[in-house]
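Worksheet for the structure shown next.
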Amino acid sequence: MRTKHLMPTMVTLATLFAVVALAAAMTLLAACSTHREQGRLGPGQDARPEKQPDPEARFLELRQRLSLTDEQAPKVREILDAERTARDALMESMGGKGREESTELRTKTEDLEWKSLTGLSKVLTREQMDTYLKYLDEEKTKMRENSPGTPGKRGGPPPRR
Numbered sequence: 089m090r091t092k093h094l095m096p097t098m099v100t101l102a103t104l105f106a107v108v109a110l111a112a113a114m115t116l117l118a119a120c121s122t123h124r125e126q127g128r129l130g131p132g133q134d135a136r137p138e139k140q141p142d143p144e145a146r147f148l149e150l151r152q153r154l155s156l157t158d159e160q161a162p163k164v165r166e167i168l169d170a171e172r173t174a175r176d177a178l179m180e181s182m183g184g185k186g187r188e189e190s191t192e193l194r195t196k197t198e199d200l201e202w203k204s205l206t207g208l209s210k211v212l213t214r215e216q217m218d219t220y221l222k223y224l225d226e227e228k229t230k231m232r233e234n235s236p237g238t239p240g241k242r243g244g245p246p247p248r249r
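In terms of the working numbering, the sequence shown opens at residue 89 and continues consecutively.
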């Protein structure tokens, strides 16, 4: 039957969609970081949305949502910490650059995320991986809702009256 061959393709497409969504969120974070560094935010203001948890809180939420075993938890933490460290270094090295560099940043960020997803897929069950991909999609939606310029359609300004 053909449906047996479609299932891996659908899982691959869902994974690819999640990676692209996460890359868009990371690009937004990089832009916010640039604004903070250039003094566009006031002193003491953080460019991250208030609802974005710190890495420890994020891990604890994932541990609960994914029902990680005692064996899985340290492996997942290591993968997520490695991705965050590499992403932070990448953002630091490429912050405040032009359009070509932002495309390069997006590509490198997607590579980091793909590496992370590949590592997680070796540790998590299929059900846990599906839950994680849904979590990433929720995070993308939160980022989109908290980003500037979202009142109008397609992220533009609200219509003039």
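Virtual Cβ for every residue (Gly too), placed ideally from N, Cα, C.
> So Asp176 is in the alpha helix (DSSP H); what residue range does that whole segment cover?
Replying inline: For the purposes of this step, residue 176 is taken as residue 88 along the sequence shown, with counting starting at 1. That run of the alpha helix (DSSP H) goes Gln160 to Met182.
>> Please state the DSSP three-state secondary structure of Asp218.
In response: For this step, residue 218 is matched to residue 130 along the sequence shown. Helix at Asp218.
>> So, for Leu208: in the same chain, excluding its five sequence neighbours on each side, which residues have a beta-carbon less than 6 angstroms away from its beta-carbon?
In response: As a working note, residue 208 is residue 120 in the sequence shown. In the same chain as Leu208, and ignoring 5 residues on each side of it, the C-beta atoms closer than 6 angstroms to its own belong to Ile167, in chain order.
> Quick one: what's got a C-beta closer than 8 angstroms to Thr229's C-beta in the same chain, skipping five residues either side?
Replying inline: Within the sequence shown, the letter at position 141 stands for residue 229. Within the same chain, and ignoring the five residues on either side of Thr229 in sequence, no residue has its Cβ closer than 8 angstroms to its Cβ.
> Looking only at C-alpha atoms, which of Lys210, Ala174, Gln216 and Glu215 sits nearest to Thr197?
Replying inline: Here the question's residue 197 lines up with position 109 in the sequence shown. Selected option, being the one with the closest Cα: Ala174.
>> Measuring only the C-alpha atoms, how far is Asp199 from Thr206?
In response: On the sequence shown, position 111 is the one that residue 199 refers to. On the sequence shown, position 118 is the one that residue 206 refers to. The alpha-carbon atoms of Asp199 and Thr206 are separated by roughly 10 angstroms.
> Mapping DSSP to helix, strand and coil, what is Asp142?
Replying inline: Taking the first residue of the sequence shown as 1, we reach residue 142 at position 54. Three-state DSSP puts Asp142 in coil, outside helix and strand.
> For Leu156, which three-state DSSP category applies?
Replying inline: As a first step, residue 156 must be located in the sequence shown, where it is residue number 68. Residue state, collapsed to three classes: coil.
>> Using a Cβ-Cβ cutoff of less than 6 angstroms, which residues in the same chain neighbour Thr178 once the five nearest sequence positions on both sides are dropped?
In response: For the purposes of this step, residue 178 is taken as residue 90 along the sequence shown, with counting starting at 1. According to the sequence displayed, residue 178 carries Leu and not Thr. Excluding sequence neighbours, Leu178 sits near Lys196.
> Anyone know if the C-beta pair for Leu224 and Gln160 falls short of 8 angstroms?
Replying inline: As a first step, residue 224 is located in the sequence shown; it is residue number 136 there, counting from the start. As a first step, residue 160 is located in the sequence shown; it is residue number 72 there, counting from the start. Result no, Cβ atoms of Leu224 and Gln160 do not sit closer than 8 angstroms.
> Among Pro162, Leu154 and Thr191, which has the Cα closest to the Cα of Arg214?
Replying inline: Locating residue 214 in the sequence shown gives position 126, counting from the first residue. Selected option, being the one with the closest Cα: Leu154.
>> For Ser204, count the other beta carbons within 10 Å of its own beta carbon; 16 or more makes it buried, fewer makes it exposed. Which is it?
In response: Residue mapping note: residue 204 aligns to position 116 of the sequence shown, counting from 1. Per the 10 Å Cβ criterion, buried.
> Taking DSSP as the reference, what is the three-state secondary structure of Thr213?
Replying inline: Along the sequence shown, read from residue 1 onward, the residue named residue 213 stands at position 125. Reduced to three states, the DSSP call for Thr213 is coil.
>> For Val164 and Leu150, which I take to be in contact (beta-carbon distance under 8 angstroms), what is that distance rounded to the nearest angstrom?
In response: Within the sequence shown, the letter at position 76 stands for residue 164. Within the sequence shown, the letter at position 62 stands for residue 150. Indeed, because the Cβ distance is near 7 angstroms, the residues count as touching under 8 angstroms.
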